[in-house]
Structures are given as structure tokens and as C-alpha cells.
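Residue numbers (the working numbering), protein chains in the order written: chain A, 4 to 170; chain B, 56 to 178. Backbone N, C-alpha and C fix where the C-beta goes; we use that ideal spot for every residue, glycine too.
Structure (C-alpha cells):
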């Protein structure tokens, strides 16, 4: 496989997160996987989080809404509006979580570049404030991702107090 | 549970949200430096640098020696390591999700025929 499977995450400036990843498929297919409910439900989410409801009105001004269920029955809802829909190269939308603790919307830009059958996906998330980005960098943990949070917690605790309990 | 760590991370990320403070941290990663040395590459006053240093000190990223006359500043690796761990954790989350996308794309590209049936339409 020619794909460099490594996901790169950068946090440039004070409000952005940029995810870059290459997929072993044409851009049109990757674009569809980002925008088609019956495909999204098959991959979106991790660590026990899965989409249980997914609605997409794929046109400029159209809205999208994802409901995910996670560990211990926790639920979260995210939604937004599309502002650029240019299959297969570019998708731009807003994103807001129903219960997010920071004000404002995030602007999400997906840029897809196809190169000999593989597709480079660069997703740029522009948060409304530096505080919002800080919060989101903790999302995978604060969203009920119990095990990994506990594991990290244990690691950090052990780092701070090396003599304390060992699992 | 974990609230203290979360608070500390907030302080770390807030301290690093400023480009001058990031530059100071980058400089200190190469070794200790005095306020005068830290101020040199910037077009701002020493008091302004001191202000930035106070923010970094409060976040636990930098300590200043009390003994020496020149009071050099030093980088404290702990908070940075924790902040990096959170970013790595965020990355790992998306890495897992994208691996599922890999599997889906492989399904879809195999003879153009999905091997798993699409989700049942409830209608």
C-alpha cells in the first residue's frame, strides 16, 4: 500500500487545529465518506463513540447534524451549516456542539487533493477563541472516554508522585 | 478527579497561546537565559518580557533562580510534556476513527462493491 497512514495533528497559531492524513482511495470517495450518512455511520467516532443519528443536507446553506453515543450511554450532538460544497476538492462548514462550554462556532475546512489514486485530506478547524481550542483538545477525554482518561491520569500521577500506587 | 490536571493544562495552553511566550519557551528549550538575553531578539521592552515570564512562571513552564545575581530563567519540562500528551491523545482519537475510514474505503474500492451491506434504511 502506498499510503502513508500517519495522521499529523498540528495546533498552529492560537485558534487552529490541523489534521492531515492520506487515504488509499480517490478523492470523490473520501468526500462521499465525509458527507454521506450511511457511510459516516460506518467510520465516524472512536473509543466507543459511534454515530446513532446522522442527517446531512449537502448544499450551500444546508445543515448537518450528528448524534453520537459513547461509553456508559453518554450522548453528544454536533451540528452546523455547509458554506462550500465542491466535490471532491473542498468542503467547508460550521460546527457547534449542543452542550459545548465555550461560545461561538468552529469553522471546519476539508481540503482534498488526489494524487495517483490516493487522497490527502487536510482538515482545518478554526475555533472561535483560544479557550475553545484548549477545551476541544481535551474533548476525547471529557466526553466520557473513561479508560484513556484514567490511564493518562494514572500516568501523570505516577510522573508527579513516582512512589505512589502502581496498577 | 483530574480537575487539578485539567486546570494545569488550561494554564499551560493559555500561556502558550501567545506567540512571544512560545518564542521564549523555544529559546529556553536550548538552555537557560537571563531576561536581558530573552528580550534581545524581540522588539519589546524588558518589562514586557518580564510580564510574559510571569505568565509562564504561573503556568509552571518556567522557573527563575533565586540565588544567582543574574537570575536565569529555566524551562520546566513537566507541563509541556503533559500538554503534548493531550495533543497526542487528541491525535490518537482521530487516528482510530480514520483507521475505520481506511477499512470503509478499502471495502468501497474493492471491485467497487461494498463487502458489508449498507445500514438498513428504517423507512
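Identified DSSP bridge partners for residue i
i                     : result
residue 85 (chain A)  : A:96
residue 11 (chain A)  : A:23
residue 157 (chain B) : None; residue 157 (chain B) has no bridge partner.
residue 123 (chain A) : A:25 and A:116
residue 109 (chain A) : A:98
residue 128 (chain A) : A:20 and A:111
residue 88 (chain B)  : B:128
Exposure label - residue i; buried when at least 16 CB within 10 Å
i                     : result
residue 81 (chain B)  : exposed
residue 55 (chain A)  : exposed
residue 28 (chain A)  : buried
residue 91 (chain B)  : exposed
residue 106 (chain A) : exposed
residue 144 (chain B) : buried
residue 137 (chain B) : buried
residue 50 (chain A)  : buried
residue 45 (chain A)  : buried
residue 76 (chain B)  : buried
residue 122 (chain B) : exposed
residue 12 (chain A)  : buried
residue 73 (chain A)  : buried
residue 2 (chain B)   : Only positions 56 to 178 of chain B appear in this structure, which leaves residue 2 (chain B) out of reach.
residue 72 (chain B)  : buried
residue 180 (chain B) : The question about residue 180 (chain B) has no answer, for chain B in this structure spans 56 to 178.
residue 58 (chain A)  : exposed
residue 85 (chain B)  : exposed
residue 70 (chain B)  : buried
residue 118 (chain A) : exposed
residue 138 (chain A) : buried
Chain-order list of residues whose beta-carbon lies under 6 Å from that of residue i (same chain, five-residue window excluded)
i                     : result
residue 130 (chain A) : 18, 109 and 136
residue 14 (chain A)  : 20
residue 111 (chain A) : 96, 98 and 128
residue 80 (chain A)  : 70 and 101
residue 23 (chain A)  : 11 and 125
Residues near residue i in its chain [Cβ-Cβ closer than 7 Å; skip 5 each side]
i                     : result
residue 94 (chain B)  : 101 and 104
residue 134 (chain B) : 63, 67, 114, 115 and 116
residue 90 (chain A)  : 31 and 34
residue 87 (chain B)  : 127, 128 and 129
residue 42 (chain A)  : 35 and 36
residue 53 (chain A)  : 71 and 72
residue 48 (chain A)  : 54 and 71
residue 133 (chain A) : 17 and 18
Chain-order list of residues whose beta-carbon lies under 8 Å from that of residue i (same chain, five-residue window excluded)
i                     : result
residue 82 (chain A)  : 66, 67, 68, 69, 98, 99 and 101
residue 158 (chain B) : none
residue 93 (chain A)  : 87, 112, 113, 114 and 115
residue 108 (chain B) : 79, 90, 93, 117, 119 and 128
residue 85 (chain A)  : 60, 61, 62, 63, 64, 65, 66, 67, 94, 95 and 96
residue 104 (chain A) : 138
residue 131 (chain B) : 115, 116, 117 and 118
(message) Short of 9 Å Cβ to Cβ, which residues in the region 18–35 of chain A face chain B?
(response) 18, 20, 22, 24, 26, 27, 28, 29, 32, 33 and 35
(message) Please give the ranges of any beta strand (DSSP E) in the region 104–134 of chain B, keeping only runs that are unbroken, at least 3 residues long and fully inside the region.
(response) 117–119 and 128–130
(request) Return the residues of the region 146–164 of chain B that lie within a Cβ-Cβ distance of less than 9 Å from chain A, sorted by chain order. (result) 146, 147, 148, 149, 150, 151, 152, 153, 154, 155, 156, 157, 158, 159, 160, 161, 162, 163 and 164
(request) Closer than 7 Å, Cβ to Cβ, to anything on chain B: give me those residues from the region 66–83 of chain A, in chain order. (result) none
(request) With 7 Å as the limit, tell me which residues of the region 89–118 of chain B have their beta carbon closer than that to any beta carbon of chain A; keep them in chain order. (result) none
(message) Residues of the region 71–89 of chain B in Cβ contact with chain C at a cutoff of 7 Å, in chain order, please.
(response) The structure shown contains no chain C; its protein chains are A and B.
(message) Ignoring anything shorter than 3 residues, give me the beta strand (DSSP E) runs that lie fully in the region 45–88 of chain A, in order along the chain.
(response) 53–59 and 66–72
(request) Could you name the residues of the region 46–61 of chain A whose beta carbon sits closer than 7 Å to any beta carbon of chain B, in the order they occur along the chain? (result) 46, 47, 48, 49 and 50
(message) Please identify, using Cβ separations under 7 Å, the residues of the region 115–139 of chain A that lie next to chain B, in order along the chain.
(response) 133 and 137
(message) Which residues of the region 116–142 of chain B have a Cβ closer than 9 Å to any Cβ of chain A? Give them in chain order.
(response) Listed by position along the chain: 133, 136, 137, 138, 140, 141 and 142.
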